[in-house]
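Novice: The sequence shown runs 230 to 332 under this note's numbering. Please find one structure pasted underneath; my questions will follow.
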Amino acid sequence: MMAMTKVARVTDVPPGTGKVVRAGNTVLALFNLGGTFYALDNRCTHVGGPLGEGTVEGTQVTCPWHGSIFEITTGEVVEPPARRPVATFRATVEGDDVLVDLP
Ligand code: FES
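Below, the structure written as structure tokens:
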């Protein structure tokens, strides 16, 4: 059972950027790529760096701690030291709100 949870307003995350957002006890990295939103687990799979504070380039984010690069649209690792993909959650826009499907 998934539940749609509001995590941000559209204007909170300008295109080409990311932000750390909270939904209950879950901390997510929310990204806006050209108006399409993507939600990832905020914890880098290396040792937990905050991906929502990482640098966004194209569709990739660089972890601010040790430079692992992840593909935002899939969660896959592009560059180590991280080796495991990061979890992704479906994000949708409804009016001014960004909603995420959380387990
Ligand atoms: S915690 Fe992200 S690269 Fe180390």
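C-beta: ideal position from N, C-alpha, C; glycine also. Quick caveat, the model's predicted, so the values are computed rather than measured.
1. Any heavy atom of ligand 3 closer than 7 Å to the Cβ of G304?
2. Count the other CB atoms, across all protein chains shown, that sit within 10 Å of the CB of G281; report buried if there are 16 or more and exposed otherwise.
3. Cα separation between R313 and V322?
4. By how many angstroms is the C-alpha of G324 removed from the C-alpha of D270?
5. To the nearest angstrom, report how far apart Y267 and P310 are at their CA atoms.
Specialist: Let's see:
1. Within the structure as shown, ligand 3 is missing, the only ligands being ligand 1.
2. In the sequence shown, counting from the first residue as 1, residue 281 sits at position 52. A residue is called buried once 16 or more other Cβ atoms fall within 10 Å of its Cβ, and G281 is buried on that count.
3. Residue numbering aside, residue 313 sits at position 84 when the sequence shown is read from its first letter. Residue numbering aside, residue 322 sits at position 93 when the sequence shown is read from its first letter. Roughly 28 Å between the two C-alpha positions.
4. The sequence position of residue 270 within the sequence shown is 41, counting from 1. The sequence position of residue 324 within the sequence shown is 95, counting from 1. So the two alpha carbons sit approximately 24 Å from each other.
5. As a first step, residue 267 must be located in the sequence shown, where it is residue number 38. As a first step, residue 310 must be located in the sequence shown, where it is residue number 81. Distance between the alpha carbons of Y267 and P310: 22 Å.
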